[in-house]
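**Q** This is the structure, below, for whatever I ask next.
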Amino acid sequence: MWLLLLTLACVPTQAPANVAESAVDLKLPPAQAFTFGPGDTLKIWVWRHDDLTVEVTIAPDGAISYPLVGRLDVAGLTYAELMAKLEAAVGEYYVDASVNVNIMSVTNQKVLVLGEVQEPQVMQIKNDLSILEALVVAGGINPDARTSNVLLIRGGLDKPELYTVNVDAIYGKGDVSQLVYLQRGDIVVVPTKTITNIDRFFRHVQAILAPAVGGSAVYRNFLGSGAQGTSSSLSD
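Residue numbers (the working numbering): 13 to 248.
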């Protein structure tokens, strides 16, 4: 706990006042399902209604345009929520319409892994991705990594929240309660094991929090740009 507080204190700009109280405790974030975002491409079709079969890409404002229905805001919805929204919209025109959605591509589900890993990087995920799998994709952890307190930053610019994940418990004890699944915009930082190297960890955290406290351009670019990154999927 003191490590997280000290880390925030070392950021040269004032920390955002709206960081949640829970940001410095050891609670894990609540489980959250995969959600859609701008840039994702979907194929929507309705049984026996070929005119309603279309392939659409979610616009930057989070909406799609669908025949008959018009504009639908879909960014931030889970698959089940999207299906329910489409069925309700189409149901206003056709009784007992059978709506189906295929995910053609997911292009805006990015997470960032930094710190004591072999290959720090932006990852583009296509499916549920655990923090453990993200560390593997990043080339694994370095020998001097403090894996008992891996930092997870979640919540975007408005309400950033900090959590710690005990990766040691996953490896050594099989504690699946620590197996957090990542979501769009998450930032994972693996700190160093020894206090003599903690300055490196401070620099990583400063780079992460600076966009939130001093401007949003870098973070928004991370979320929305077409920058190249590793694509990871459980089905790959």
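Beta carbons are placed, not taken as given, at the ideal position from N, Cα and C, and that holds for glycine.
#1: Could you say which of L174, K205, K185, V66 lies nearest to I199 if we only look at CA atoms?
#2: What did DSSP end up calling D180 once you bin it into helix, strand or coil?
#3: Thinking I143 and V129 are a contact (beta carbons under 8 Å), I'd like their distance in whole angstroms, please.
#4: Is M135 buried or exposed, if buried means 16 or more other CB atoms sit within 10 Å of its CB?
#5: Quick one, are the C-beta atoms of V113 and L98 less than 8 Å apart?
#6: Specify, as a first and last residue, the run of the alpha helix (DSSP H) that A75 falls within.
#7: Look at the Cβ atom of T204, then the Cβ atom of V179, and state whether they are nearer than 8 Å.
#8: Helix, strand or coil: which one does DSSP assign to V148?
#9: Buried or exposed for Q190, going by 16 or more other Cβ atoms inside 10 Å?
#10: Would you please state the rounded distance, in angstroms, between the beta carbons of T53 and T69? I believe it to be under 8 Å.
#11: What did DSSP end up calling G127 once you bin it into helix, strand or coil?
#12: For Y193, does the count of other Cβ atoms within 10 angstroms reach 16, so buried, or fall short, so exposed?
#13: What whole-angstrom Cβ distance do V201 and L126 have, given they're in contact under 8 Å?
#14: Would you mind sorting K55 into buried or exposed? The rule is 16 or more other CB atoms within 10 Å of its CB.
#15: CA-CA distance, V177 and N154?
#16: Distance check for A87 and G151, CA to CA, integer angstroms please.
#17: Can you list, in chain order, the residues of its chain whose CB lies under 8 Å from that of R83, leaving out five sequence neighbours each side?
**A** In this structure, then:
#1: Here residue 199 refers to the residue found at position 187 when the sequence shown is read from its first residue. I199 has its Cα closest to that of L174, out of L174, K205, K185, V66.
#2: Within the sequence shown, the letter at position 168 stands for residue 180. Looking at D180 - three-state DSSP - the assignment turns out to be helix.
#3: As a position in the sequence shown, residue 143 is number 131, starting the count at 1. As a position in the sequence shown, residue 129 is number 117, starting the count at 1. That belief does not hold up - the Cβ atoms of I143 and V129 are roughly 11 Å apart, past 8 Å.
#4: Numbered from its first residue, the sequence shown carries residue 135 at position 123. Under this definition M135 is a buried residue.
#5: On the sequence shown, residue 113 is found 101 positions in, with the first residue counted as 1. On the sequence shown, residue 98 is found 86 positions in, with the first residue counted as 1. Yes; because the gap between Cβ atoms is below 8 Å, this pair is in contact.
#6: The sequence position of residue 75 within the sequence shown is 63, counting from 1. Note, A75: premise wrong, no alpha helix (DSSP H); beta strand (DSSP E) at 75-78.
#7: Position 192 of the sequence shown holds residue 204. Position 167 of the sequence shown holds residue 179. No, these two residues do not count as a Cβ contact at 8 Å.
#8: Here residue 148 corresponds to residue number 136 of the sequence shown, with the count starting at 1. It is helical.
#9: For the purposes of this step, residue 190 is taken as residue 178 along the sequence shown, with counting starting at 1. Its Cβ being crowded by 16 or more others within 10 Å, Q190 is buried.
#10: Position 41 of the sequence shown, counted from the first residue, corresponds to residue 53. Position 57 of the sequence shown, counted from the first residue, corresponds to residue 69. About 5 Å; that satisfies the 8 Å criterion.
#11: In the sequence shown, residue 127 corresponds to position 115, counting from 1. Strand.
#12: Here residue 193 refers to the residue found at position 181 when the sequence shown is read from its first residue. It is buried - the Cβ of Y193 has at least 16 other Cβ atoms within 10 Å.
#13: Taking the sequence shown and counting its residues from 1, the one referred to as residue 201 is at position 189. Taking the sequence shown and counting its residues from 1, the one referred to as residue 126 is at position 114. About 5 Å separates the two Cβ atoms, so the contact holds.
#14: Here residue 55 is taken as the residue at index 43 of the sequence shown, counted from 1. K55 comes out exposed.
#15: Along the sequence shown, read from residue 1 onward, the residue named residue 177 stands at position 165. Along the sequence shown, read from residue 1 onward, the residue named residue 154 stands at position 142. If I take the Cα positions, the gap works out to 17 Å.
#16: Here residue 151 refers to the residue found at position 139 when the sequence shown is read from its first residue. Here residue 87 refers to the residue found at position 75 when the sequence shown is read from its first residue. Cα to Cα, the separation comes out at about 31 Å.
#17: Working through the sequence shown from its first residue, we reach residue 83 at position 71. Excluding sequence positions up to five before and after R83, its CB lies within less than 8 Å of the CB of A75, I76, S77, all in the same chain and listed in chain order.
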